[in-house]
Amino acid sequence: MEALRAPSPKPNFKTFTAISPPLQETETLDEDETETLDEDEKFDWFSQWYALMPVCDLDKRAPHGKKVMGLDVVVWWDKNENAWKVFDDMCPHRLAPLSEGRIDQWGRLQCVYHGWCFSGSGDCKFIPQAPPDGPPVHTFQKACVAVYPSTVQNGIVWFWPSTDPQFKDILTKKKPPYIPALDDPSFTFQMFNRDIPYGYEILIENLMDPAHFTVKLDREGGRPLEINVGKIDKDGFTAKQQNGEWAFVPPCLFHGSITIGGKPNESDGSTKGKVAQKPPRQALLIFICIPVSPGNSRLIFASPRNFAGWIDLFVSRWIFHINQNLIIDSDLYLLHVEEKKMMESDPRDWQKLCFVPTKADANVVAFRKWIKKYSDGQINWGNNFDRSLPPSPPREQLMDRYWSHVVNCSSCNAAYKSLNALEVSLQVFSVASVAIVAATKQGMISVAARNTLVVAAVLCFVGSKWLSHFIHKNFRYHDFNHAFR
Ligand code: FES
Ligand SMILES: [Fe+2]
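Its first residue numbered 3, the sequence shown is counted upward by one per residue in our numbering.
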C-alpha cells in the first residue's frame with residue numbers, strides 16, 4: 003500500500019525560524035510564481051482518491067448523500083457484495099436523488115420516486131411500471147446508474163471521482179494514502195467528521211497553522227515558531243516543527259506526529275544487564291480536508307495515540323466531539339469572513355493579498371506555493387462550478403452543529419436522542435410529582451413523602467432545564483465570542 007509520505011532522509015529544508023534574520027522584502031515567498039508548467043505537470047484534481055466518510059458514521063440500513071469535488075454521490079451498503087458502493091446520486095429515470103431512497107429487502111438501492119431498483123454494479127434490476135410481457139427496458143444501458151470506484155481503507159470509505167470505465171480498476175494502480183497508525187492495534191483513536199462552511203484551501207491552511215491555536219485560547223499565547231519546510235513538489239511537502247514532523251499529501255491529507263518521549267526501564271532478569279527501551283509515547287494528528295464545493299469543505303479527523311488507551315474505554319466518542327466541535331467553532335465565523343474577503347479579490351494573488359513576514363506562517367506559505375504552482379492558485383472544479391461563493395447564511399445557521407455534525411455522527415446522534423429522551427422523562431416526572439402532591443388529600447401520604455415528592459419535582463425541573471441548555475449548546479449551536487472569553 004502507498005504509505006504516508008515520509009520525511010525524506012536528506013531533506014532539502016528551507017529554514018523558516020524565529021531566530022533567523024527576518025525575511026527581506028526581495029526574498030518574497032512567491033519565488034516560484036513565474037514558473038509555468040505544462041498541463042500534464044499540473045495537479046489533476048479528478049485523478050485522486052477522496053475520503054467520503056468514516057465507516058463508523060455510516061448506517062448500513064440507509065443510503066447517504068455526500069458532495070465531494072462538486073459531485074453529488076450516494077454511498078450505500080451492498081449486502082450482496084459485502085461492500086460500500088458509491089453511485090452518482092441521480093436516478094436515471096427522472097433524476098431524483100437516490101440518497102433519498104432506501105435499501106430494499108433484496109439489498110438493492112431503490113429510488114423512492116417510482117421504485118426503480120439498482121444492484122451494486124449500477125444495473126437496473128426492476129422497473130415497477132414496466133409490463134412483465136413488454137420489452138426488458140430495465141436492461142437498457144440508459145437505465146443504469148453511474149458507479150464510482152470505491153474502497154475502504156483505514157476505516158474510511160474512499161472514492162475516485164470519475165465514472166469513466168478506464169478507471170474501473172484504478173485501485174490496482176493507485177491507492178488512497180495509507181495511514182498505518184489507524185490500523186495499528188497499539189494505537190487508540192476516535193474518528194470525527196464535520197461539514198465546514200468555508201472552502202478547502204481555508205480549512206487546510208488553518209490546520210497547518212500552529213500559530214493561531216495558542217492566541218485563540220490565550221490572549222498572551224502567541225510566540226515565535228521554528229518551522230523548517232522541505233522541498234515542495236507535486237506530491238506535497240514535509241515540515242519540521244518544534245513539536246514534531248508534518249506532511250502534506252495532496253489533495254486532502256495533512257498529518258503530523260508528536261513524540262512525547264520514551265522512558266528507559268530497568269529490565270527484568272530475562273534481559274539482565276540491559277536497559278529495555280519503552281516505546282516512546284506518540285500522538286498523531288490526522289486531518290483529511292475534503293473539497294466539497296466553493297465555500298464548503300469537510301473535515302475527517304483522528305488523533306491516534308499509543309498511550310492512555312483506557313480513556314477511550316470509559317469516555318464515549320460524543321464527549322470527545324464536544325471539544326472538537328468547540329475548536330472548529332472557535333474560528334469558524336472569522337474564517338468564513340476571511341474567505342469572502344479573499345474571493346472579493348482573487349485568491350490566485352494570495353501572496354500579494356496577505357502579508358506574512360514571520361516564519362510562523364511557513365506551512366501556510368508552502369501550501370499556497372504548492373497550489374499556485376501546480377493548480378494556478380485554486381482548485382480546478384472542472385465544469386462543476388465557477389469560483390463564486392454561496393451567500394452567507396445567518397450566524398446561527400453558519401455555526402449550526404446539528405446538520406453539520408450530529409446527524410452525520412453515529413455517536414452524537416445516539417447521545418442527542420438519549421439526552422432528549424432523558425429531558426422529557428425529567429419533565430414528566432416533575433409534573434407527575436406535583437400532580438400527586440396536589441391530588442392527594444391531607445393524611446393520605448405522610449408529610450415526609452409529600453416533601454420528598456416536592457423536592458424531587460423541583461430537582462427534575464431544574465435538571466431538565468439544565469439538560470435542555472446542555473443539549474442546545476453542544477448539539478445545536480454554540481456561539482463563540484472571543485472578546486469575553
Ligand atoms: S426518478 Fe427514480 S424511479 Fe423515477
Ligand atoms: Fe459526534
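Note that beta-carbon positions come from the ideal geometry of N, C-alpha and C, so glycine has one too.
Would the beta-carbon of residue i fall within 8 Å of that of residue j?
| i | j | result |
| --- | --- | --- |
| Gly201 | Leu184 | no |
| His338 | Leu400 | yes |
| Met210 | Ile302 | no |
| Arg307 | Gln284 | yes |
| Glu207 | Val358 | no |
| Leu328 | His214 | no |
| Pro296 | Ser406 | no |
| Met344 | Leu355 | yes |
Three-state secondary structure (DSSP) at residue i?
| i | result |
| --- | --- |
| Trp51 | coil |
| Met210 | coil |
| Ile260 | strand |
| Glu247 | strand |
| Cys462 | helix |
| Met345 | helix |
| Ser427 | helix |
| Ile292 | strand |
| Gln399 | helix |
| Ser152 | strand |
| Phe472 | helix |
| Cys414 | helix |
| Pro182 | helix |
| Asn382 | coil |
| Ile329 | helix |
| Cys58 | helix |
| Ala485 | helix |
| Thr240 | strand |
| Val88 | strand |
| Gln192 | coil |
When the Cα atoms are used, what is the spatial distance from residue i to residue j?
| i | j | result |
| --- | --- | --- |
| Ile204 | Pro253 | 13 Å |
| Pro167 | Asn298 | 29 Å |
| Phe486 | Asp61 | 40 Å |
| Val114 | Ala450 | 59 Å |
| Val70 | Leu54 | 8 Å |
| Thr30 | His471 | At Thr30, the pLDDT of 44 sits below 50, so the modelled position is not reliable; the number obtained from the coordinates is stated separately. Taking the straight line joining both Cα atoms gives about 50 Å. |
| Glu340 | Pro137 | 58 Å |
| Pro99 | Glu425 | 35 Å |
| Pro395 | Pro199 | 10 Å |
| Ile288 | Leu421 | 30 Å |
| Phe89 | Lys467 | 44 Å |
| Ser272 | Pro178 | Residue placement at Ser272 cannot be trusted, given a pLDDT of 45 that sits under 50; what the coordinates show is reported in the next sentence. Their Cα atoms are separated by approximately 43 Å. |
| Ile464 | Met446 | The question names Ile, but residue 464 is Val in the sequence shown. Approximately 27 Å, taken between the alpha carbons. |
| Lys361 | Gly109 | 55 Å |
| Phe142 | Asn382 | 34 Å |
| Ser377 | Phe45 | 6 Å |
| Glu346 | Phe387 | 17 Å |
| Gln326 | Ala249 | 22 Å |
| Ser188 | Pro281 | 11 Å |
| Trp372 | Leu286 | 23 Å |
| Gly67 | Gln380 | 25 Å |
| Gln429 | Ala423 | 10 Å |
| Ser259 | Asn483 | 31 Å |
| Val508 | Ser49 | Lying outside 3 to 487, the shown extent of the chain, residue 508 is not represented and no answer is given. |
| Asp171 | Ser332 | 42 Å |
CB-CB under 6 Å to residue i, same chain, minus the five flanking residues each way: which ones, in chain order?
| i | result |
| --- | --- |
| Ala368 | Val231, Ile234, Phe239 |
| Thr190 | Gly311, Asp314 |
| Trp320 | Ser413, Cys414, Ala417 |
| Phe431 | Cys462 |
| Cys411 | Asp59 |
| Pro11 | Note that Pro11 scores 39 on pLDDT, short of 50, meaning its location in the model is unreliable and no value can be drawn from it. |
| Ala458 | Ser435 |
Grab me the residues of residue i's own chain with a C-beta within less than 8 Å of its C-beta, minus the 5 sequence neighbours each way, in chain order.
| i | result |
| --- | --- |
| Lys87 | Val77, Trp78, Trp79, Asp80, Leu111, Gly122, Val149, Ser152 |
| Val456 | Ser435, Val436, Val439 |
| Ile473 | Tyr418, Leu421, Asn422, Glu425 |
Can you tell me where the alpha helix (DSSP H) holding residue i begins and where it ends?
| i | result |
| --- | --- |
| Phe369 | 364-377 |
| Trp2 | With the chain covering 3 to 487 only, the question about residue 2 has no answer from this structure. |
| Pro314 | One detail in the question is off: residue 314 reads as Asp in this sequence, not Pro. Start and end: 312-316. |
If you drop the 5 nearest sequence neighbours on each side, which residues of the same chain put their C-beta closer than 7 Å to that of residue i?
| i | result |
| --- | --- |
| Tyr52 | Val70, Met71, Trp160, Phe161, Pro163, Cys254, Ile292 |
| Gly103 | Pro65, Leu111, Gln112, Cys113, Val114 |
| Leu173 | Pro151, Thr153 |
| Ala132 | Val139, His140 |
| Arg403 | Asn327, Phe477, Arg478, Tyr479, His480 |
| Val408 | Cys414, Asn415, Tyr418, Phe477 |
Starting from residue i and walking both ways along the beta strand (DSSP E), at which residues does that stretch end?
| i | result |
| --- | --- |
| Leu173 | Leu173 -> no beta strand (DSSP E), and no H or E assigned at all. |
| Met71 | It is not in any beta strand (DSSP E) - Met71 carries neither H nor E in the DSSP assignment. |
| Arg110 | Counting along the chain, Arg110 falls outside any beta strand (DSSP E), and DSSP gives it neither H nor E. |
| Leu301 | 298-304 |
| Cys126 | 126-128 |
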